[in-house]
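The sequence shown maps to residues 27 to 419 in the numbering used here. No residue lacks a Cβ here, since even glycine has one placed at the ideal position from N, Cα and C. Accompanying notes for the structure given below.
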Amino acid sequence: MTAPSEKDQVRIFDTTLRDGEQSPGASMTLEEKLQIAEILDDMGVDVIEAGFPIASNGDFEAVSEIARRSQKSIIAGLARAIHGDIDRCGEAVKHAAQGRIHTFVSTSPIHLQFQMNKTEEQVLDIITDTVTRSRNLIDDVEWSAMDATRTPIDYLCRCVEAAIKCGATTINLPDTVGYATPEEYKDMFVQIRERVPDSDKAIFSVHCHDDLGLAVANSLAGVAGGARQIECTINGLGERAGNASLEEIVMAIRTRADVLPYATQIDPQFLVRASKMVAGASGFAVQYNKAIVGKNAFAHESGIHQDGMLKNAETYEIMRPEDVGVKATSLVMGKHSGRHAFRDKLKELGYELGDNALQDAFKRFKDLADRKKHVYDEDIEALVEDEINILGE
Ligand code: KIV
Ligand code: ZN
């Protein structure tokens with residue numbers, strides 16, 4: 027296992043309030059955004075992307091207010107490669123102790139042709155102009171190559187070189203459409219960092235969408251390729267299939283420290299609370315089987331698993347529920363449950379039955395579970411009371 031001092035620190039850049047809010051129907055109020063920003067700041071998020079200031083007066087207000095209130099996190103705002111966007115963003119983030127302008131432009135052939143109607147040379151001029159303008163307003167400037175993973179590597183190298191030359195301090199290479207595979211994504215970072223002059227002057231960042239369900243794997247692969255900032259969202263909220271999920275990344279790095287020699291400064295105890303807060307504010311419920319924060323992430327119903335869990339939790343859990351803010355593992359009583367878990371549940375409810383009564387109650391519990399989707403504690407209590415009455419007759 028790698029000693030903590032040997033681990034490379036990876037920054038967590040949370041974009042729940044920007045890319046997350048771009049999910050159709052996920053708009054949040056100012057009050058909700060302030061609460062979410064507060065918990066992100068408390069949990070140790072390095073950079074909070076608080077919004078897109080040019081998008082609306084409400085977004086400008088939210089970014090400005092989060093900037094005023096943030097205690098530890100850097101507060102970033104997003105800006106297209108347009109002077110008006112950059113200036114408005116600079117206005118909003120200037121209130122922060124540490125503010126950042128995050129400006130982006132598309133670099134892939136398909137975006138240049140259909141979205142921007144610009145040549146490669148014109149886009150290079152835009153990068154030079156907009157990164158310089160941002161740097162004239164603030165020292166901390168992030169530049170993103172939108173659709174980087176579908177951009178020819180030679181041209182991407184030229185774009186990154188231009189951005190670094192003009193003073194970008196973070197270079198983000200997004201997998202905007204969730205198209206990359208982990209090997210490809212890692213290789214892109216390796217190549218760019220090797221080939222671009224002065225690449226060590228900037229921190230490289232991953233930003234992955236989940237269209238193929240690879241966002242977390244790709245993010246970790248990008249880090250293996252040398253990136254040291256991960257852009258992600260609580261619950262993986264985000265455009266289309268969403269962004270890489272913050273809680274999954276943080277817990278993967280913690281749990282597999284043996285093969286992922288990195289550290290984040292996130293306190294995982296906040297993860298479940300933050301997940302509930304974002305689900306409530308966005309109206310996007312978390313699926314039961316969602317890794318880390320789903321209702322079933324630490325629940326077991328099968329008899330074999332419950333038996334193992336009662337003997338040693340590590341038989342079927344690779345993380346401790348308390349570490350992410352869940353009170354305890356839950357052994358759900360259902361038709362797959364075994365005798366061991368049933369006896370334990372009775373004990374928890376205050377009953378101790380002899381062998382024959384237990385055998386009988388267990389059979390009746392199984393019959394009930396076959397008929398009923400959810401067997402609650404009250405159902406088991408009723409069943410046992412019945413058993414006791416039968417014995418008493
Ligand atoms: O997915 C993307 O490319 C983005 C950029 C604006 C960073 O969200
Ligand atoms: Zn995105």
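Exercise. How about Phe130: is its Cβ closer than 7 Å to a heavy atom in the ligand MN?
Worked result: Ligands displayed in this structure: the ligand KIV and the ligand ZN; the ligand MN is not among them.
Exercise. Apart from the five residues just before and just after Arg37, which ones in its own chain have a Cβ nearer than 6 Å to its Cβ?
Worked result: The residues are Asp72 and Gln255.
For this session: Select from Ala311, Glu58 and Gly46 the residue whose C-alpha is nearest the C-alpha of Phe78.
Result: Residue nearest to Phe78 within the set Ala311, Glu58 and Gly46 is Gly46 (criterion: CA-CA distance).
For this session: For Ile108, name the three-state secondary structure that DSSP assigns.
Result: For Ile108, the secondary structure class from DSSP, reduced to helix, strand or coil, is coil.
Problem set entry | Whether Glu327 touches Gly360 by CB criterion (8 Å) | Yes, the Cβ-Cβ distance between Glu327 and Gly360 is below 8 Å.
Exercise. Among Arg280, Arg390 and Thr129, which has the Cα closest to the Cα of Thr196?
Worked result: When each option's Cα is compared against that of Thr196, the closest is Thr129.
Exercise. Cα separation between Arg95 and Thr175?
Worked result: Each residue's Cα considered, the two are about 35 Å apart.
Exercise. Run through DSSP, which three-state label would Pro30 get?
Worked result: Per-residue confidence for Pro30 stands at a pLDDT of 45, beneath the threshold of 50, marking its modelled position as unreliable; the derived number appears in the next sentence. Pro30: helix per DSSP, three-state reduction.
Exercise. Just checking my contact of Val350 with Leu297 at CB under 8 Å: how many whole Å lie between their CB atoms?
Worked result: Confirmed, about 4 Å.
Problem set entry | Test item: CB-CB of Cys183 and Thr133 under 8 Å | Inclusion of Cys183 and Thr133 in the CB contact set at 8 Å is not warranted, their separation being larger than that value.
Exercise. Would you say Asn198 touches the ligand KIV, meaning its beta carbon is less than 7 Å from a heavy atom?
Worked result: Yes, Cβ of Asn198 sits closer than 7 Å to a heavy atom of the ligand KIV.
For this session: Could I get the ranges of all uninterrupted beta strand (DSSP E) runs contained in the region 162–246, with 3 residues as the minimum, in chain order?
Result: With a minimum length of 3 residues, the unbroken runs of beta strand (DSSP E) contained wholly in the region 162–246 fall at 167–172, 196–201 and 229–234.
For this session: Could you pull out every residue in the same chain whose Cβ sits closer than 6 Å to the Cβ of Pro30, ignoring the five residues on either side in sequence?
Result: Bear in mind that a pLDDT of 45 at Pro30, under 50, signals an unreliable position, so the number given afterwards is only what the model happens to contain. Excluding positions up to five away in sequence, the list is empty.
Problem set entry | beta-carbon His137 near the ligand KIV non-hydrogen atom, thresh 7 Å | Relative to the non-hydrogen atoms of the ligand KIV, the Cβ of His137 never comes closer than 7 Å to any of them.
For this session: Can you give me the Cβ contacts of Met54 inside the same chain, cut-off strictly under 8 Å, excluding the 5 residues immediately before and after it?
Result: Same-chain partners within the cutoff: Leu43, Glu47, Ile62, Ala307 and Ser308.
Problem set entry | Three CB pairs or more closer than 8 Å across the region 336–344 and the region 372–381 | At 8 Å Cβ cutoff, the stretches do not touch.
Exercise. From Phe86 to Arg365, what does the alpha carbon distance come to, in whole angstroms?
Worked result: In this structure, the alpha-carbon of Phe86 lies about 59 Å from that of Arg365.
Exercise. Got a sec? Which residues, its chain only, sit under 7 Å from Ala408 by beta carbon, not counting five neighbours each side?
Worked result: Around Ala408, the same chain offers no residue with a beta carbon nearer than 7 Å, after the five sequence neighbours per side are excluded.
For this session: Could you tell me which uninterrupted beta strand (DSSP E) segments, each at least 3 residues in length, are contained entirely in the region 236–309, listed from first to last along the chain?
Result: Runs found: 255–258.
For this session: Would you give the residue range spanned by the alpha helix (DSSP H) that Gly334 belongs to?
Result: Residues Gly329 to Lys337.
Exercise. Going along the chain, which unbroken runs of the alpha helix (DSSP H) with 4 or more residues stay wholly within the region 65–142?
Worked result: Runs found: 83–95 and 109–119.
Exercise. Buried or exposed: which applies to Phe140, given that a residue is buried once 16 or more other Cβ atoms fall within 10 Å of its Cβ?
Worked result: Counting Cβ neighbours within 10 Å, Phe140 comes out exposed, since fewer than 16 surround it.
For this session: Determine the burial state of Asn244: buried for a count of at least 16 other Cβ atoms within 10 Å of its Cβ, exposed for fewer.
Result: The residue is buried, with at least 16 neighbouring Cβ atoms inside 10 Å.
For this session: Flag Ser271 as yes when its Cβ comes closer than 7 Å to any non-hydrogen atom of the ligand KIV, and as no otherwise.
Result: No; taking the cut-off as 7 Å, the Cβ of Ser271 has no heavy atom of the ligand KIV nearer than that.
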